[in-house]
Structures are given as C-alpha cells and as structure tokens.
Amino acid sequence: MQRRVRFKQSLSVLLTTLGLSLGGMVLVAAAPASGETLDPMVAIAPDSTPDVTPAGYYDCPAGYLCAWVDTDYRGRMGQWSGNNRHWSAFSNSTCQTGSWNDCASSARNNGRYCDVLMYEHAGYGGTPWLLWRGEGQSNLGRRGANDKISSNSWSC
Ligand SMILES: [Ca+2]
11 MQRRVRFKQS LSVLLTTLGL SLGGMVLVAA APASGETLDP MVAIAPDSTP DVTPAGYYDC
71 PAGYLCAWVD TDYRGRMGQW SGNNRHWSAF SNSTCQTGSW NDCASSARNN GRYCDVLMYE
131 HAGYGGTPWL LWRGEGQSNL GRRGANDKIS SNSWSC
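Just add 10 to wherever you are in the sequence shown, counting from 1, and you've got this note's numbering.
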C-alpha cells in the first residue's frame, strides 16, 4: 500500500515536471524569431505592461491623461481631458513649483481615442513626448521628461 502511494506521488511529480517543461517549450515557440524587428511602439514603451502595477495606475479615469507627482503612479494624481497650454494653471501644493508645471514623474494615457503629446514648455513648446493611447510611463525620467512637462495636447 505504501509503495503504491509513493509510486503515485512520484508519478505526480514526474507529470508536473513534464508539464512545466512542455509549458516552457510552448513559451519558447511563441517567442519571435531571432532577428525579427521589434515593433517601435514596444521599443518606446518598455514598461507599458509592468509585472506589478501600482494601484494608482487604475485611479486614472477613462478618457483622461493622468500624471503623478512621483514615479510608479504614486503621489498626488492630476487628470486632464483636453489640451492645456499651461500646466502652471493647475495648482498642486505637493510640487515644489506649487503647480503641475515641471512636476510630473509618471503618466498614463487612458484616453478613448487619441494619443497624447506632453511638452517641455508651456504653449506646446520644447521637446514633445508622445504617450500612446493606453500607454503608461511609470518613470518619465527614462525619457528625460521627469519634472519637465508644462503642457499637453491630444493627437488623433
Ligand atoms: Ca517645463
């Protein structure tokens, strides 16, 4: 009786091991062939599907561009539905500027139809940073945009 139980356990372990191995093979088979060109959108947005998404990411309502004072969608969140020439018009006491100007460290485009351009300067000037519709950027510093955004517009 004990031998049979041990055999069953061994078989179970063996099947589990085989299952994992097969799963690994499937994953390998699904990976792109080497030399395949990366989709530029994927290359630009490496963290659009992070392993662990902080809760703040989901606070952004549909139809809005959202930005956070801190990286990883943390700190106070701001939300914008239209074009805005002056982020300095939106007060934020948790920013050193006292407004959203030059303050955002992470952002998410939860728009329904359009991409978003975020700009270095007020009035849509300076360096533009594109945030695709549906994209989240957990650390704007990776694009050299930390604490720099001063205006935004939607691009459809
Ligand atoms: Ca700026």
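No residue lacks a Cβ here, since even glycine has one placed at the ideal position from N, Cα and C.
Separation of residue j from residue i, as counted between CA atoms
i, j, result
"residue 69", "residue 80", "14 Å"
"residue 154", "residue 147", "12 Å"
"residue 105", "residue 124", "28 Å"
"residue 107", "residue 121", "27 Å"
"residue 87", "residue 65", "12 Å"
"residue 97", "residue 164", "14 Å"
"residue 113", "residue 157", "4 Å"
"residue 84", "residue 103", "15 Å"
"residue 67", "residue 131", "25 Å"
"residue 78", "residue 166", "23 Å"
"residue 95", "residue 143", "20 Å"
"residue 137", "residue 99", "20 Å"
"residue 93", "residue 135", "13 Å"
Contacts around residue i, its chain only, beta-carbon distance under 6 Å, and the 5 residues preceding and following it disregarded
i, result
"residue 128", "139, 159 and 162"
"residue 101", "109"
"residue 76", "70, 87, 89 and 118"
"residue 74", "89, 91 and 120"
Run of the beta strand (DSSP E) containing residue i, from where it starts to where it stops
i, result
"residue 88", "84 to 90"
"residue 130", "125 to 131"
"residue 137", "135 to 141"
"residue 161", "161 to 165"
"residue 119", "116 to 119"
For residue i, the three-state DSSP class (helix, strand or coil)
i, result
"residue 78", "strand"
"residue 41", "For residue 41, the predicted structure reports a pLDDT of 38, less than 50, and the residue's modelled location is therefore unreliable. The matter cannot be settled from this model."
"residue 109", "strand"
"residue 66", "helix"
"residue 146", "strand"
Close beta carbons around residue i, own chain, < 7 Å, minus the five adjacent residues each side
i, result
"residue 72", "120 and 122"
"residue 150", "114, 115, 116, 117 and 156"
Beta-carbon proximity list for residue i, same chain, < 8 Å, skipping 5 on both sides
i, result
"residue 141", "75, 117, 118, 119, 125, 126, 127, 128 and 147"
"residue 82", "64, 66, 116, 148 and 149"
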